[in-house]
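My numbering puts the first residue of the sequence shown at 10, with every later residue one more than the last. From the three backbone atoms N, C-alpha and C, an ideal C-beta is built for every residue, glycine too.
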Amino acid sequence: MDNQSAIQIATNRSYTPRAKHIDLRAHFVRDHVESATIELKYVPSKSQLSDLLTKVLPTPRFAELRNSSGIRGVSD
């Protein structure tokens, strides 16, 4: 996860009115974090491979993430 607020919500069971919009998906994640089924780790935006498929990126950044993921270009 690259959102520290989301990690905090998923690991903290206390209620806050500012987060009342959080639905069952967050509670599902929280339950699995508490039971140690999953472990959440912060990943800085610079290291997010998912940006390759979710954001418009400058060509050098796109190529960097593409190569990091093991995908090769047609001309490679």
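Who are the Cβ neighbours of I47 in its own chain at under 7 Å, not counting the five residues just before and after it?
Here residue 47 is taken as the residue at index 38 of the sequence shown, counted from 1. Here the set comprises H41.
I need the boundaries of the alpha helix (DSSP H) containing N76, first residue and last residue.
Taking the sequence shown and counting its residues from 1, the one referred to as residue 76 is at position 67. Run containing N76: T68 to S77, per the alpha helix (DSSP H) assignment.
Could you check if I80 is buried or exposed, using at least 16 other CB atoms within 10 Å of its CB as the buried criterion?
The residue given as residue 80 occupies position 71 in the sequence shown. The residue is exposed, with fewer than 16 neighbouring Cβ atoms inside 10 Å.
Kindly list the residues whose CB is nearer than 7 Å to the CB of A35, restricted to its own chain and excluding five residues on each side of it in sequence; keep chain order.
The count along the sequence shown starts at 1 and reaches residue 35 at position 26. The residues are I18 and A19.
Going by other Cβ atoms of all chains shown within 10 Å of its Cβ, with 16 needed for buried, is V38 buried or exposed?
Here residue 38 refers to the residue found at position 29 of the sequence shown. Flag for V38 reads buried.
Within a Cβ cutoff of 7 Å, which residues of the same chain sit near L58, ignoring the five residues on either side of it in sequence?
Within the sequence shown, residue 58 is the residue found at index 49, counting from 1. Cβ neighbours of L58 beyond the five flanking positions: L74, S77 and S78.
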